[in-house]
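Undergrad: The structure follows.
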Amino acid sequence: MIRRAISLLFLAWALGFLWFIVALPQPADSAKTDAVIVLTGGPGRIARGLAVLDAGQADKLLVSGVDPEVRPGEFAAEFGVSQRTMACCLSLGFTAVDTRTNAAETAKWVAQNEVRSLRLVTTDWHMRRAAGELDRTLPAHVTVIRDAVPSQPDLGTLFLEYHKLIASRAAGLAEL
């Protein structure tokens, strides 16, 4: 009986991991939202967020999880952002240090800016956990569009992220 339960648990884990690998989230279409939120930490994320802003698909951009030592002028120079865009449309969030605090930083910014719809930009392998944290943190009336940045993750990254996703979902269930 115990062996059967362990076997079923392992099978569920293995099938879940296979699903996690083969069905990575994809980039979103060109739908317009009030804002775009970029979570730092992976290549292509900031560039994707800036492209969304430049294309007029969002009016504001929050980059969450920026290193506190980065100055706005340095950020603008590194990513080719005009001073006008920095002043009108771009916010740098310096308080987040992980995915959970990205969600808290985003929720606070969303409330302050009266955002009702947002596009979440993060790497494909990180999207499910990041969106889950946002779903638990944001008010129900805020619509979130998932816009994954494609990557070529190695098996170790996928393995670790799959287990972080499981832990995040378990923590969310424990909060209920």
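Residues 6 to 181 (my numbering) make up the sequence shown, in order. In this text, a Cβ means the ideal position worked out from N, Cα and C, and glycines have one as well. Predicted model, so just to flag it, every value in this text is computed and none were measured.
1. Less than 8 angstroms between the C-beta atoms of Q63 and T38, yes or no?
2. Just verifying my parser: in three-state terms, what is the DSSP assignment at G98?
3. For S122 and V147, which I take to be in contact (beta-carbon distance under 8 angstroms), what is that distance rounded to the nearest angstrom?
4. List the whole-angstrom C-beta distance separating L125 from D152, where the pair is believed to meet the contact cut-off of C-beta under 8 angstroms.
5. Among D103, L143, W130 and T128, which one has its Cα closest to the Cα of Q117?
6. Which of helix, strand or coil does DSSP assign to D59?
7. Quick check on DSSP: helix, strand or coil for K113?
8. Grab the span of the alpha helix (DSSP H) containing V27 for me, first residue to last.
9. How long is the line joining the alpha carbons of Q88 and P77, rounded to whole angstroms?
10. When you compare each of V71, L163 and I171 to E110 by their alpha carbons, which one comes out closest?
11. Measure the CB-CB distance between G47 and H168 and report whether it falls below 8 angstroms.
12. Can you tell me which of the three DSSP states A40 falls into?
13. With DSSP as the reference, identify every bridge partner of S69, one or two as the case may be.
14. When burial is assigned at 16 or more other CB atoms within 10 Å of the CB, is S35 buried or exposed?
15. What does DSSP give as the partner residues of L143 in its beta bridges?
TA: So, to answer that:
1. In the sequence shown, the residue the question calls residue 63 occupies position 58. In the sequence shown, the residue the question calls residue 38 occupies position 33. Looking at the sequence provided, one finds Ala at residue 63 rather than Gln. Going by C-beta atoms, A63 is nearer than 8 angstroms to T38.
2. Taking the sequence shown and counting its residues from 1, one reaches residue 98 at position 93. DSSP places G98 in strand when its eight states are reduced to three.
3. Sequence index remark: in the sequence shown, residue 122 carries index 117 (1-based). Sequence index remark: in the sequence shown, residue 147 carries index 142 (1-based). Right, their Cβ atoms sit about 7 angstroms apart.
4. Working through the sequence shown from its first residue, we reach residue 125 at position 120. Working through the sequence shown from its first residue, we reach residue 152 at position 147. Confirmed, Cβ separation roughly 6 angstroms.
5. In the sequence shown, the residue the question calls residue 117 occupies position 112. Closest option to Q117, Cα to Cα, is L143.
6. Counting from one through the sequence shown, the residue named residue 59 turns up at place 54. D59 falls in the helix class under three-state DSSP.
7. Locating residue 113 in the sequence shown gives position 108, where the first residue counts as 1. Helix.
8. The residue labelled residue 27 in the question sits at position 22 within the sequence shown. Its alpha helix (DSSP H) spans residues I7 to V27.
9. Counting from one through the sequence shown, the residue named residue 88 turns up at place 83. Counting from one through the sequence shown, the residue named residue 77 turns up at place 72. Taking the straight line from one Cα to the other gives about 9 angstroms.
10. Residue numbering aside, residue 110 sits at position 105 when the sequence shown is read from its first letter. That would be V71, whose Cα lies nearest to the Cα of E110.
11. In the sequence shown, residue 47 corresponds to position 42, counting from 1. In the sequence shown, residue 168 corresponds to position 163, counting from 1. Not closer than 8 angstroms, so no.
12. On the sequence shown, position 35 is the one that residue 40 refers to. Strand.
13. In the sequence shown, counting from the first residue as 1, residue 69 sits at position 64. Answer is L44 and G98.
14. Here residue 35 corresponds to residue number 30 of the sequence shown, with the count starting at 1. Exposed, because fewer than 16 other Cβ atoms sit within 10 Å of the Cβ of S35.
15. As a working note, residue 143 is residue 138 in the sequence shown. Here L143 is not bridged, per DSSP, to any residue.
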